[in-house]
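Residue 819 in the numbering used here sits at position 1 of the sequence shown, and the numbers go up by one each step.
Ideal Cβ placement from N, Cα and C applies to all residues, glycine included.
Only a predicted model underlies this, so the values are computations on that prediction, with no experimental measurement involved.
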Amino acid sequence: MKKQLHPVLTAASGLAVAAIATSAAAEPISEQTVIDAQRAWGEGIVAIAKAHADGGDYTARAKEHINDLYAYGETNVMFKPTMAAEDQFRETFDEALSYFIGQDGTEDKGFAISGWTNVRWENN
819 MKKQLHPVLT
829 AASGLAVAAI
839 ATSAAAEPIS
849 EQTVIDAQRA
859 WGEGIVAIAK
869 AHADGGDYTA
879 RAKEHINDLY
889 AYGETNVMFK
899 PTMAAEDQFR
909 ETFDEALSYF
919 IGQDGTEDKG
929 FAISGWTNVR
939 WENN
């Protein structure tokens, strides 16, 4: 499922823009695949927040989330986080991790450790 989620996150949510070369013969992304990717992303964010709130290893959970849903190490990724202002893109795994769990000396305050208990999507 991991290979299917990379283009879905790109096309469906605008969360990550992966530079993945695809041919014109590539299969279209189904509505269900988009919904599944959105669900997986939301559940991952909630799981990171819960691990943080419970005093658990939220860093490991965030790393798992990034490894499962983003293509770092496989292709170029231009992840444009919602809360990014100064640095618009997170082009490396470590930059994405910083965005999700925070890092001193950056604008990243830890999007995924901000107490999320639910993620809701509105698809038009």
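Inter-residue CB distance, residue i and residue j (contact presumed, cutoff 8 Å)
i: THR877; j: ILE919; result: 6 Å
i: ALA880; j: LEU915; result: 6 Å
i: TRP939; j: ILE863; result: The Cβ separation is near 12 Å, so there is no contact.
i: GLU904; j: MET896; result: Actually they do not touch by this definition, with Cβ atoms about 16 Å apart.
i: ALA867; j: SER932; result: 7 Å
i: PHE911; j: GLY891; result: 7 Å
Of the listed residues the options, nearest to residue i (C-alpha basis)
i: TYR917; options: GLY933, THR910, PHE911, ASP926; result: ASP926
i: MET901; options: ASP922, GLU849, GLY928, SER848; result: GLY928
i: ILE884; options: ASP872, GLU845, GLU861, ALA871; result: GLU861
i: ALA930; options: ASN894, ASP875, ALA855; result: ASP875
Local conformation of residue i per DSSP, three classes
i: PHE918; result: helix
i: PHE929; result: helix
i: VAL852; result: helix
i: VAL937; result: coil
i: ARG879; result: helix
i: PHE897; result: strand
i: ASP886; result: helix
Per-residue burial, residue i [other beta carbons within 10 Å of its own, 16 or more giving buried]
i: GLU913; result: buried
i: PRO846; result: exposed
is_contact[residue i, chain B] using C-beta, thresh 8 Å
i: ARG857; result: The structure shown contains no chain B, having only a single protein chain.
Residues that DSSP places opposite residue i in a beta bridge
i: ARG908; result: PHE897
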